[in-house]
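Below is one structure, written out as structure tokens, with a few remarks after it.
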Amino acid sequence: MNYKEFYQYSIEEKEKFWAEQARLLKWFKEPTTILNKDEKGFYHWFVNGKMNTCYLCLDYQIEQGRGEQAALIYDSPVTGVIKSYTYTELKNAVAQFAGGLHSLGITKGDTVVIYMPVIPEAAIAMLACARIGAIHSVVFGGFAPHELSIRIDDAQPKAVISASYGIEVDKVIPYKPLVDEAINLSQHKPAYKIFFQRQPDYDKLNGNDELDFLIVQKKGTPVDCVPLLSTDPLYIIYTSGTTGKPKGVIRDNGGYATALKFSMIYFYNINPGDVFWAASDIGWTVGHSYLIYGPLLHGCTSVMYEGKPVKTPDAGAFWRVIEQHKVRSLFTAPTAIRAIKKEDPEGKLLKKYDLSYFDTLFLAGERCDPPTYHWINDLLQRPVIDHWWQTESGWPMLGIMTGVEPLPPKAGSAGLPVCGYDVEIFSEDGQLLEENKEGAVVVKLPLPPGCLPTLWKNDERFRKGYLERFPGYYLTGDGGHKDSDGYFYIMGRIDDVINVSGHRLSTGAMEELVAMHNDVAECAVVGIADELRGQRPVALVLLKDGAVIEEEKLETELIGLIKKKIGALACFKNAAIVKRLPKTRSGKILRKIICHIADGVEYATPSTIDDPLILSEIAEKLRARKIGLAFQ
Numbered sequence: 001m002n003y004k005e006f007y008q009y010s011i012e013e014k015e016k017f018w019a020e021q022a023r024l025l026k027w028f029k030e031p032t033t034i035l036n037k038d039e040k041g042f043y044h045w046f047v048n049g050k051m052n053t054c055y056l057c058l059d060y061q062i063e064q065g066r067g068e069q070a071a072l073i074y075d076s077p078v079t080g081v082i083k084s085y086t087y088t089e090l091k092n093a094v095a096q097f098a099g100g101l102h103s104l105g106i107t108k109g110d111t112v113v114i115y116m117p118v119i120p121e122a123a124i125a126m127l128a129c130a131r132i133g134a135i136h137s138v139v140f141g142g143f144a145p146h147e148l149s150i151r152i153d154d155a156q157p158k159a160v161i162s163a164s165y166g167i168e169v170d171k172v173i174p175y176k177p178l179v180d181e182a183i184n185l186s187q188h189k190p191a192y193k194i195f196f197q198r199q200p201d202y203d204k205l206n207g208n209d210e211l212d213f214l215i216v217q218k219k220g221t222p223v224d225c226v227p228l229l230s231t232d233p234l235y236i237i238y239t240s241g242t243t244g245k246p247k248g249v250i251r252d253n254g255g256y257a258t259a260l261k262f263s264m265i266y267f268y269n270i271n272p273g274d275v276f277w278a279a280s281d282i283g284w285t286v287g288h289s290y291l292i293y294g295p296l297l298h299g300c301t302s303v304m305y306e307g308k309p310v311k312t313p314d315a316g317a318f319w320r321v322i323e324q325h326k327v328r329s330l331f332t333a334p335t336a337i338r339a340i341k342k343e344d345p346e347g348k349l350l351k352k353y354d355l356s357y358f359d360t361l362f363l364a365g366e367r368c369d370p371p372t373y374h375w376i377n378d379l380l381q382r383p384v385i386d387h388w389w390q391t392e393s394g395w396p397m398l399g400i401m402t403g404v405e406p407l408p409p410k411a412g413s414a415g416l417p418v419c420g421y422d423v424e425i426f427s428e429d430g431q432l433l434e435e436n437k438e439g440a441v442v443v444k445l446p447l448p449p450g451c452l453p454t455l456w457k458n459d460e461r462f463r464k465g466y467l468e469r470f471p472g473y474y475l476t477g478d479g480g481h482k483d484s485d486g487y488f489y490i491m492g493r494i495d496d497v498i499n500v501s502g503h504r505l506s507t508g509a510m511e512e513l514v515a516m517h518n519d520v521a522e523c524a525v526v527g528i529a530d531e532l533r534g535q536r537p538v539a540l541v542l543l544k545d546g547a548v549i550e551e552e553k554l555e556t557e558l559i560g561l562i563k564k565k566i567g568a569l570a571c572f573k574n575a576a577i578v579k580r581l582p583k584t585r586s587g588k589i590l591r592k593i594i595c596h597i598a599d600g601v602e603y604a605t606p607s608t609i610d611d612p613l614i615l616s617e618i619a620e621k622l623r624a625r626k627i628g629l630a631f632q
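For the sequence shown, the UniProt record's numbering gives the first residue as 1, with consecutive numbering after it.
Laid out in structure tokens, this is it:
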């Protein structure tokens, strides 16, 4: 079938379609009930099937003859270590650590918080939890103690598994003091704190409730995989909420494994034995889905990279990894590509490396602006697939299904709906919008397998946040439009659409224009409060390395560009050059916070921010330029 036929089959024959996909997995007990709607009105997939995700990732792969194949390649330019684990080696390490956890009384249904850098022991801890049916919640290593304590209180883990420290290029961040402070702040007190010592005796552990990772592992008797229901939770992953309290997204076992297997085949077009690299931290949903579980359950080799796209040691770092490990596909964020572009605008470093094994670049995590898309597409001369999904979905919602039909991508577009996702654009009053009309992106229920069935211990928040606004549909919280070919354009959160004197304008569209300027490396356009017009757009701009242009001249040129392309109605007046933009650690620009600073609105510093000091730098810049009601 071509894409259109395959996609329509997934929408019109949902249960039949996903039953076929589920049969690609090795179940302990195959499901007979494919889709179920419970008394709360929530949907669940494969409810009576029994399986284990760790078994699919390790034991089953060994049974298929992949025991001596590399399962995980750890590449750490910040430590100079490169280490490979075969499927047999990884399975043995996981089974023994799982046995160690079990000896501490951690069993099926218990929760464990994992607070670690991107190291193999983090993958071992995740898979060990999956093996015994414990529910893991990975928290980004280096999160502030307050934010970690909130997650500890919500997840109520029996144990927190951590490491000596994380490394940020040239800076070591000790983790034990952060964990200790978080637990001190928490009402819930985990029974155990387990630390992987990156250097011998780096942390002084008391041996009672503070345990050494390797000792726990050494004392453990290897255990087999525990049979789990498809609907049993595999993990909790926290994502930002509008209230400031993070939302605990639940991921089930059976639906998630089915969706990941499907996506590896039909979306990423990867074969067992191929090398797949998701350049992500394990604390983000990409790390869960495409650094650990997706590649392993499909029999691939996964690259675990502890480094940056630049400065470890330079902007050729990604190309070095691709050449050295014969990577077929790379999944990263547009932020990484923009960082490379900023330091190596002509792509000279790429010429040093042999990328003959490399096939496709996948981008997600934020919208890829067309100038960045064209730059990397021209540089690589290979398919560049921008796609869109969420923590809540766990796998792609929009994109090009490269394993079905290699349809042409469109710059600025997140692509076409992925099988199982019935995506539409709605107006504020719930009406289906015609082509090229901006509105809310929604997905018709039921969502396909792998998506969140609810939130951790908070059904009501799940219902109110996602299901109430448009009955029968899931509200993504993002805005965008669809063109005449069915391609979707995700232009940012719904509140990124601004209203200037009654005109609804997309700041994403303006960002595209600003990013086209020859001296601009990266930018953010936000809508700030305006006494006369309600809102007006402002651009914050990072210059390319070596670019020399006065701020006044750049501002004048950008004003002319926006006026020419969008019109005077945009009321674009200000462009300020900044040293850096406030972002989350996954690379998303915190546009709403920039608006709050300019408007003088009180805000809480988000837990996911990369560096809180950036906010004061932005405030000083806006004050110096008298941009925003707060500084006029």
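Ideal Cβ positions, reconstructed from N, Cα and C, are used throughout, including at glycine.
*Per-residue DSSP class, three states only, for Thr507*: Taking the first residue of the sequence shown as position 1, residue 507 is located at position 507. Three-state DSSP puts Thr507 in a helix.
*Taking the C-alpha atoms as reference points, what is the distance between Phe109 and Ala93?*
As a position in the sequence shown, residue 109 is number 109, starting the count at 1. As a position in the sequence shown, residue 93 is number 93, starting the count at 1. It should be pointed out that residue 109 corresponds to Gly in this sequence rather than to Phe. Rounded to the nearest angstrom, the two C-alpha atoms are 22 angstroms apart.
*Residue(s) in a DSSP beta bridge with Trp45*: Taking the sequence shown and counting its residues from 1, one reaches residue 45 at position 45. Answer is Leu35, bridged to Trp45.
_Considering just the uninterrupted stretch of the beta strand (DSSP E) at Thr301, what are its terminal residues?_
The count along the sequence shown starts at 1 and reaches residue 301 at position 301. Where Thr301 is concerned, the enclosing beta strand (DSSP E) stretches over Thr301 to Tyr305.
_If contacts are defined as beta-carbon pairs under 8 angstroms, then Lys444 and Ile425 qualify, I think. What distance do you get, rounded to the angstrom?_
The residue you call residue 444 lines up with position 444 of the sequence shown. The residue you call residue 425 lines up with position 425 of the sequence shown. Rounded, the Cβ-Cβ distance is 12 angstroms, inconsistent with contact.
*Where do the N-terminal and C-terminal ends of the alpha helix (DSSP H) with Gly99 fall, by residue?*
Position 99 of the sequence shown, counting from 1, holds the residue named residue 99. Its alpha helix (DSSP H) spans residues Tyr87 to Ser103.
*When DSSP labels each residue in this structure, what does Tyr266 get in the three-state scheme?*
For the purposes of this step, residue 266 is taken as residue 266 along the sequence shown, with counting starting at 1. If DSSP states are grouped into helix, strand and coil, Tyr266 belongs with the helices.
*asked:* On a Cα-Cα basis, can you pick out the residue from Asp252, Asp212, Thr221 and Gly166 that is closest to Ser230?
replied: What you label residue 230 is simply residue 230 of the sequence shown in a count that begins at 1. For Ser230, the nearest C-alpha among the options comes from Asp252.
*Nearest to Tyr115 by CA position, among Phe213, Gly100 and Pro200, is which residue?*
Walking along the sequence shown from the start, residue 115 turns up at place 115. Per the Cα distances, Phe213.
_Is the beta carbon of Gly394 closer than 8 angstroms to that of Lys352?_
The count along the sequence shown starts at 1 and reaches residue 352 at position 352. The count along the sequence shown starts at 1 and reaches residue 394 at position 394. No, the Cβ-Cβ distance between Lys352 and Gly394 is not below 8 angstroms.
_Going residue by residue through the segment 109-170, where are the continuous alpha helix (DSSP H) segments of at least 4 residues, counting only ones entirely within it?_
120-132 and 145-155
*In three-state terms, what does DSSP make of Asp75?*
Against the sequence shown, residue 75 aligns to sequence position 75. Here Asp75 sits in strand by DSSP.
*Compute the Euclidean distance between the alpha carbons of Leu234 and Ile135, then round it to the nearest angstrom.*
Position 234 of the sequence shown, counting from 1, holds the residue named residue 234. Position 135 of the sequence shown, counting from 1, holds the residue named residue 135. Roughly 5 angstroms between the two C-alpha positions.
*Which value, in whole angstroms, describes the spacing of the CA atoms of Gly220 and Cys54?*
Numbered from 1 along the sequence shown, position 220 holds the residue referred to as residue 220. Numbered from 1 along the sequence shown, position 54 holds the residue referred to as residue 54. Cα to Cα, the separation comes out at about 17 angstroms.
*Going by DSSP, name the residue or residues bridged to Glu424.*
Sequence index remark: in the sequence shown, residue 424 carries index 424 (1-based). Glu424 pairs with Val442.
*Minimum C-alpha distance to Ala144 - residue among Val160, Ile167 and Pro177*: Locating residue 144 in the sequence shown gives position 144, where the first residue counts as 1. Among Val160, Ile167 and Pro177, the Cα nearest to that of Ala144 belongs to Pro177.
*If Cys300 and Phe276 are in contact, beta carbons under 8 angstroms, what's the gap, nearest whole angstrom?*
As a first step, residue 300 must be located in the sequence shown, where it is residue number 300. As a first step, residue 276 must be located in the sequence shown, where it is residue number 276. Confirmed, about 5 angstroms.
*Is the distance from the Cβ of Phe362 to the Cβ of Phe331 below 8 angstroms?*
By one-based count along the sequence shown, residue 362 stands at place 362. By one-based count along the sequence shown, residue 331 stands at place 331. Taking 8 angstroms as the Cβ cut-off, Phe362 and Phe331 qualify as a contacting pair.
*Is DSSP giving Pro177 helix, strand or coil here?*
Against the sequence shown, residue 177 aligns to sequence position 177. The answer is helix: DSSP assigns Pro177 an H, G or I state.
*Flag this pair as touching only if the segment 569-585 and the segment 537-545 have three or more C-beta atom pairs under 8 angstroms; answer yes or no.*
yes
*asked:* Measuring alpha carbon to alpha carbon, tell me which residue in Ile562, Ala22, Arg131 and Leu569 is nearest Gly255.
replied: As a first step, residue 255 is located in the sequence shown; it is residue number 255 there, counting from the start. Of the candidates Ile562, Ala22, Arg131 and Leu569, the one whose C-alpha sits nearest the C-alpha of Gly255 is Ala22.
*Sort Val179, Pro200, Gln199 and Pro408 by Cα distance to Asp192 and report the nearest one.*
The count along the sequence shown starts at 1 and reaches residue 192 at position 192. In the sequence as displayed, the identity of residue 192 is Tyr instead of Asp. Among Val179, Pro200, Gln199 and Pro408, the Cα nearest to that of Tyr192 belongs to Val179.
*Identify which residue in Asn518, Leu416 and Ile549 has its Cα closest to the Cα of Tyr489.*
As a position in the sequence shown, residue 489 is number 489, starting the count at 1. Out of Asn518, Leu416 and Ile549, Leu416 has the C-alpha closest to the C-alpha of Tyr489.
*Taking all protein chains shown into account, do 16 or more other C-beta atoms lie within 10 angstroms of the C-beta of Met1, making it buried, or fewer, making it exposed?*
Along the sequence shown, one-based indexing puts residue 1 at 1. Looking at its Cβ environment, which holds fewer than 16 other Cβ atoms inside 10 Å, Met1 is exposed.
*Could you please give the first and the last residue of the uninterrupted beta strand (DSSP E) stretch that includes Thr332?*
Residue numbering aside, residue 332 sits at position 332 when the sequence shown is read from its first letter. Residues Ser329 to Thr332.
*Using the C-alpha atoms, what's the distance from Pro396 back to Pro365?*
Your numbering for residue 365 matches position 365 in the sequence shown. Your numbering for residue 396 matches position 396 in the sequence shown. With the sequence shown as reference, residue 365 is identified as Gly, and Pro is not the correct amino acid for it. Taking the straight line from one Cα to the other gives about 11 angstroms.
*Find out if the Cβ-Cβ distance for the pair Ala440, Gly479 is shorter than 8 angstroms.*
Walking along the sequence shown from the start, residue 440 turns up at place 440. Walking along the sequence shown from the start, residue 479 turns up at place 479. Closer than 8 angstroms, so yes.
*DSSP puts Tyr474 in a beta bridge; with which residues?*
For the purposes of this step, residue 474 is taken as the residue at position 474 of the sequence shown. Per DSSP, Val443.
*asked:* With a threshold of 7 angstroms on Cβ separation, who are the neighbours of Leu433 within its own chain once the five nearest residues in sequence on each side are excluded?
replied: One-based indexing of the sequence shown puts residue 433 at position 433. So the list reads Ile425, Phe426, Ser427 and Gly439, once near-sequence residues are dropped.
*Given a threshold of 16 other Cβ atoms within 10 Å of its Cβ, counted over all protein chains shown, does residue 646 qualify as buried or as exposed?*
Here the chain comprises residues numbered 1 to 632, so residue 646 is not present and cannot be evaluated.
*Given a cut-off of 8 angstroms, decide if Ala529 and Leu615 are closer than it, judged by their beta-carbon atoms.*
As a working mapping, residue 615 is identified with position 615 in the sequence shown. As a working mapping, residue 529 is identified with position 529 in the sequence shown. Contact: no.
*Relative to the ligand SAH, is the shortest distance from any of its heavy atoms to the C-beta of Ser10 smaller than 7 angstroms?*
Of the ligands one can find in the structure shown there are none, so the ligand SAH has no counterpart to examine.
*Reduced DSSP category for Glu210 - H, G, I as helix; E, B as strand; rest coil*: Translated into the one-based positions of the sequence shown, residue 210 becomes position 210. In the structure shown, Glu210 sits in a strand (DSSP, three-state: E or B).
*asked:* If you follow the alpha helix (DSSP H) that Trp375 is in, where does it begin and where does it stop?
replied: On the sequence shown, residue 375 is found 375 positions in, with the first residue counted as 1. Start and end: Pro370 to Leu380.
*DSSP three-state assignment for Val223, whether helix, strand or coil*: For the purposes of this step, residue 223 is identified with residue 223 of the sequence shown, where counting begins at 1. The answer is coil: DSSP assigns Val223 none of H, G, I, E or B.
*For Asn52, does the count of other Cβ atoms within 10 angstroms reach 16, so buried, or fall short, so exposed?*
Position 52 of the sequence shown, counted from the first residue, corresponds to residue 52. With 16 or more other Cβ atoms within 10 Å, it is buried.
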